[in-house]
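Participant:
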Amino acid sequence: MTQIFAYIPFNNGAAEDVALEFPSAAKKIDESASLTAVVVGSGADVDAVANEMTSVYSEVIKINQADFAYPNAEVIRKALVNVIPADAIFLVPHNTFGMDLAPGLSVKMDSSYAADIVDFEGIDGTALKAVRQELGGAVSTHVTIDIASGAVISIRPGSFAPVEGGAAGGSIIDKSGDAGDLSSKRKFLELVAAEVGDVDITKSDVLVSVGRGIEDEENIEIAQELAEAMKSVVSCSRPIVDAKWLEKSRQVGTSGQTVKPKVYMAMGISGSFQHMGGVKGNPFIVAVNKNPKAPIFQVADVGIVADILEFMPELTEAINDL
Ligand SMILES: Cc1cc2nc3c(=O)[nH]c(=O)nc-3n(C[C@H](O)[C@H](O)[C@H](O)COP(=O)(O)OP(=O)(O)OC[C@H]3O[C@@H](n4cnc5c(N)ncnc54)[C@H](O)[C@@H]3O)c2cc1C
42 MTQIFAYIPF
52 NNGAAEDVAL
62 EFPSAAKKID
72 ESASLTAVVV
82 GSGADVDAVA
92 NEMTSVYSEV
102 IKINQADFAY
112 PNAEVIRKAL
122 VNVIPADAIF
132 LVPHNTFGMD
142 LAPGLSVKMD
152 SSYAADIVDF
162 EGIDGTALKA
172 VRQELGGAVS
182 THVTIDIASG
192 AVISIRPGSF
202 APVEGGAAGG
212 SIIDKSGDAG
222 DLSSKRKFLE
232 LVAAEVGDVD
242 ITKSDVLVSV
252 GRGIEDEENI
262 EIAQELAEAM
272 KSVVSCSRPI
282 VDAKWLEKSR
292 QVGTSGQTVK
302 PKVYMAMGIS
312 GSFQHMGGVK
322 GNPFIVAVNK
332 NPKAPIFQVA
342 DVGIVADILE
352 FMPELTEAIN
362 DL
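Our numbering runs 41 ahead of the 1-based position in the sequence shown.
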């Protein structure tokens, strides 16, 4: 029977959304596979997340050690090798931490590695068929992953439907004592809290999010007027922060804020996975982009091919006229 393990990322004692998406991914790999959650960390948060996961996974492995106080992929890899069977399929989130963890883990486990998978198409012998996106999401590639000696696979968050949690019924296996040597060449010095900005984009139900398509700093005002008309706030992609047109606290994405609005207006944003990785909670996505082939249209509920510099003022006017 195929054995699948899923690495559960969490923040402040709460599992990230992808924890609920791994079971759907596992089912698409093999309906009859066994699936185990793996929760690694330090302190009470690990126990809280492991308990939370028993309502989703029938089996949860927890590894609770002081050495995991910081998300040090080098140390976590060492522990996982001692706890996960070498021929298992190991799913990790394709986020900044997952990208750090997964390649080295596959080398240590001497197993296959596949990154940024968005779909599975079943197993043929020892070949697991999968779909990944390349060239910033412009191209879907169908690949096979040899799982004869196991595989480490990073899953793009948001690609699989989240499952509903049930009553807590799964069992927890404490493998904290099996982690082995956790010495590390990499040392964490400090965690720097994100700067507090003028607005908290994580609290808004509607976000007017601007990307490089806004073209000029002075055009940010156009988005701000639309946001005001929609009683919402302006967020942005990373190039806008890099250009210093908006504060870092307004950046959505894997190296920015995670947001869970009800409506996400993506204005001149291409839809990179680093950006969309910060858009959670399955919002209604309205994308406006002048390139009809922009990857954002693959995830948008409504896609509009238009110049945002013309579209946004017209929408603002139409709303203000209501
Ligand atoms: C480690 C790492 C972490 C990262 N973290 C983040 C992150 O947290 N958040 C983030 O956003 N990015 C992040 N990035 C960057 C990410 O890879 C992309 O480069 C970035 O998201 C692209 O931003 P964009 O969509 O605004 O720009 P582009 O990809 O340049 O897209 C601009 C879009 O605007 C459209 N456009 C241009 N002009 C107009 C117009 N007048 N009207 C309508 N449409 C127009 C274009 O067709 C294009 O689709 C990260 C990258 C790395 C390597």
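Idealized CB from N, CA, C, for every residue including glycine. Given the structure is predicted, the values throughout are model-derived calculations rather than measurements.
Taking DSSP's pairing of strands, which residues face T182 in a bridge?
Facilitator: Beta-bridge partners of T182 (DSSP): R173.
Participant: Would you call K321 buried or exposed, if buried means 16 or more other Cβ atoms sit within 10 Å of its Cβ?
Facilitator: By the neighbour-count definition (other C-beta atoms within 10 Å, threshold 16), K321 is a buried residue.
Participant: Count the other CB atoms, across all protein chains shown, that sit within 10 Å of the CB of E231; report buried if there are 16 or more and exposed otherwise.
Facilitator: Label assigned to E231: exposed.
Participant: Start and end of the alpha helix (DSSP H) containing P64?
Facilitator: Unbroken alpha helix (DSSP H) run through P64: 59-70.
Participant: The alpha helix (DSSP H) that contains D222, what's its start and end?
Facilitator: Element bounds for D222: n/a, residue is neither H nor E.
Participant: Can you find the residues in the same chain that come closer than 8 Å, C-beta to C-beta, to S296, ignoring five residues on each side of it along the sequence?
Facilitator: T137, R279, Q315
Participant: Whole-angstrom Cβ separation of A209 and S313, contact assumed at under 8 Å?
Facilitator: 37 Å between Cβ atoms; not a contact.
Participant: Anyone know if the C-beta pair for A341 and I326 falls short of 7 Å?
Facilitator: yes
Participant: What is the DSSP secondary structure of L142, counted as helix, strand or coil?
Facilitator: Correct three-state label for L142: helix.
Participant: If M308 sits next to V249, beta carbons under 8 Å apart, how far is it from one beta carbon to the other, in whole angstroms?
Facilitator: 6 Å
Participant: Which class does E100 belong to by DSSP, given the choice of helix, strand or coil?
Facilitator: strand
Participant: Is G294 buried or exposed, if buried means 16 or more other CB atoms sit within 10 Å of its CB?
Facilitator: buried
Participant: Pair every Cβ in the stretch 85-95 with every Cβ in the stretch 193-212, then say whether three or more of these pairs are closer than 8 Å.
Facilitator: yes
Participant: Does the Cβ of G218 have 16 or more other Cβ atoms within 10 Å, making it buried, or fewer, making it exposed?
Facilitator: exposed
Participant: Provide the residue(s) that pair with S195 in DSSP beta bridges, ordered along the chain.
Facilitator: V133
Participant: What residue range does the beta strand (DSSP E) around E258 cover?
Facilitator: Here E258 belongs to no beta strand (DSSP E), and DSSP marks it neither H nor E.
Participant: Tell me which same chain residues have a C-beta within less than 6 Å of the C-beta of I194, skipping the five on either side of it?
Facilitator: L132, A155, I158
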